[in-house]
Amino acid sequence: MEKKARFDFEIEEFHSDNESGLVQFCLKPDARRYITAEVDGIKYYRDKYLNTLISLEEMRTQMAGLPIFRLSPSITSTPEYALRRRERVTEELKDGEYHPPAEKAAKHQDFATTETRDIAFLSVDICGATAYRRRNPREFDRAYEVFIRELGTLVGHFNGAILKTTGDGFIAYVDHPSFTSQCDATADLGLSLILLVKGTVNPALTSAGLRPLTVRIGGDYGPASTRKIEIPSTNYRSIEVASDALNRAVKIEESCEPGQFRIGRELYELLHVKWLERATEVSFDGKSVGIDNYKVYILR
1436 MEKKARFDFE IEEFHSDNES GLVQFCLKPD ARRYITAEVD GIKYYRDKYL NTLISLEEMR
1496 TQMAGLPIFR LSPSITSTPE YALRRRERVT EELKDGEYHP PAEKAAKHQD FATTETRDIA
1556 FLSVDICGAT AYRRRNPREF DRAYEVFIRE LGTLVGHFNG AILKTTGDGF IAYVDHPSFT
1616 SQCDATADLG LSLILLVKGT VNPALTSAGL RPLTVRIGGD YGPASTRKIE IPSTNYRSIE
1676 VASDALNRAV KIEESCEPGQ FRIGRELYEL LHVKWLERAT EVSFDGKSVG IDNYKVYILR
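Quick note: the sequence shown uses my numbering, first residue 1436, plus one each step.
Okay, structure coming up:
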């Protein structure tokens, strides 16, 4: 696949026509991300985070005819949503009745594609789940039920879907025609999942006399496709997702400290500057994903 890149702008409206409904905008390179540089008499914008150069003419050429997409979560504020859900989940653990949120999450859709396309993946894991389950399986199952339902709903609020559950967590993905919106939504979702555990799940579990949970999350972006697995002698058949990005997300998650959200370089390079400002490179063994010196970042 062709290497993707993004350019961040500050958008200013400078003309609107109420009769026609047309609005014109002025796009300015985001000063948080770019500084100007001149090479051989040509003006360039240098990306301070990726250390790349792009000329104004290249920018115009690449932007011509590009569609504009909008991808927004169905919740307006994760902290406010977490507070509301805390009250409802606390009630649920008392009366045994599920209280769904007022906001409508995107409905689940199975991962299915006949061609390779770029997908953003998140691997979410409960730290110490195996030991917790061994000590008190009934208590763990009750906590996990709350965990998977609340976090899985939040995935839907961010227009994502769950690929599969793992017993200790789950794999989620975001698929959208706009790769910039797709990657930004993935960063927002990863941080929101951690916030929801701290702000909703754990206070509710504690109020019910259950142990709080700690999660770690890894994310990355790249090509994915499906493959059919068949064992004719036993009549076994299944569809699997084949993706190095998915494998990297899992390995990155395994490298996290409890409570951390880390992302790979492929996802990092396509994020808006507001997320890059919150990212710090951390030590990572690239050999674990088959790429020496592969860069990984913690997102806070």
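Quick reminder that beta carbons are idealized off the backbone N, C-alpha and C, glycines included.
Counted as a single uninterrupted DSSP element, the beta strand (DSSP E) harbouring Pro1464 occupies residues Val1458 to Pro1464.
Here the alpha carbon of Val1474 sits roughly 11 Å from the alpha carbon of Ile1489.
Approximately 5 Å separates the beta-carbon atoms of Phe1605 and Val1559; this is inside 8 Å, confirming the contact.
Of the residues assessed, Glu1688 falls on the buried side of the cut-off, its CB having 16 or more other CB atoms within 10 angstroms.
In the same chain as Trp1710, and ignoring 5 residues on each side of it, the C-beta atoms closer than 7 Å to its own belong to Asp1619, Ala1622 and Leu1734, in chain order. Here Phe1444 is bridged, per DSSP, to Pro1464. Short of 6 Å from the beta carbon of Ala1607, and not among the five residues preceding or following it, lie these beta carbons of its own chain, in chain order: Leu1557, Val1590, Gly1595 and Ile1597. Linking Ala1537 to Ala1547 through their CA atoms gives a straight-line distance of about 29 Å.
Per DSSP, reduced to three states, the secondary structure at Ser1558 is strand.
Just so you know, the alpha carbons of Gln1497 and Pro1508 end up roughly 28 Å apart. For Ile1652, the enclosing beta strand (DSSP E) begins and ends at Val1650 to Ile1666. One alpha carbon belongs to Leu1528, the other to Asn1453, and they sit about 52 Å apart. CA-CA distance, Ile1446 to Gln1459, rounds to 10 Å.
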